Amino acid sequence: MLLELLIIRAVSSYLRALALNPKHAVVHGNLACVYYGQGHLDLAIETYKRAIELQPTFSDAYCNLANALKESGLLIEAD
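Mind the numbering: the sequence shown is residues -17 to -1, 1 to 62 in mature numbering (1 follows the signal peptide of the UniProt record, and there is no 0), read in order.
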């Protein structure tokens, strides 16, 4: 119960931060991590992609995106 409340507050805080600065790649990345941790893979993938779009050198977002894609079954192994 407490953990759920903390997660809700974290998401709310990240969304407020993005309302103030929608181009903050790290906030997008952190929000995506919360989504990923909660099993919301579609939201996580979308949010990691936005972070990368905003900051193409954001290596953590690439790594986390790959993990989310793999877990969702969307990552296809290259030949």
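Built from N, CA and C at the ideal position, the CB exists for glycine as well. What you are looking at is a predicted structure, and each value in this text was computed from that prediction instead of being measured.
- DSSP, reduced to helix, strand and coil, places Lys32 within a helical segment of the structure shown.
- Shortest Cα-Cα distance from Gly12 to any of Ile(-10), Ala51 and Gly56 involves Ala51.
- Beta-carbon to beta-carbon, Ala(-1) and His7 are separated by about 7 Å, close enough to satisfy the 8 Å threshold.
- Sequence-distant Cβ neighbours of Arg33 in its own chain, meaning closer than 7 Å and more than five residues away, are His11.
- A straight-line Cα-Cα distance of about 30 Å links Gly56 and Met(-17).
- Here the alpha carbons of Tyr(-4) and Leu(-12) stand approximately 12 Å from one another.
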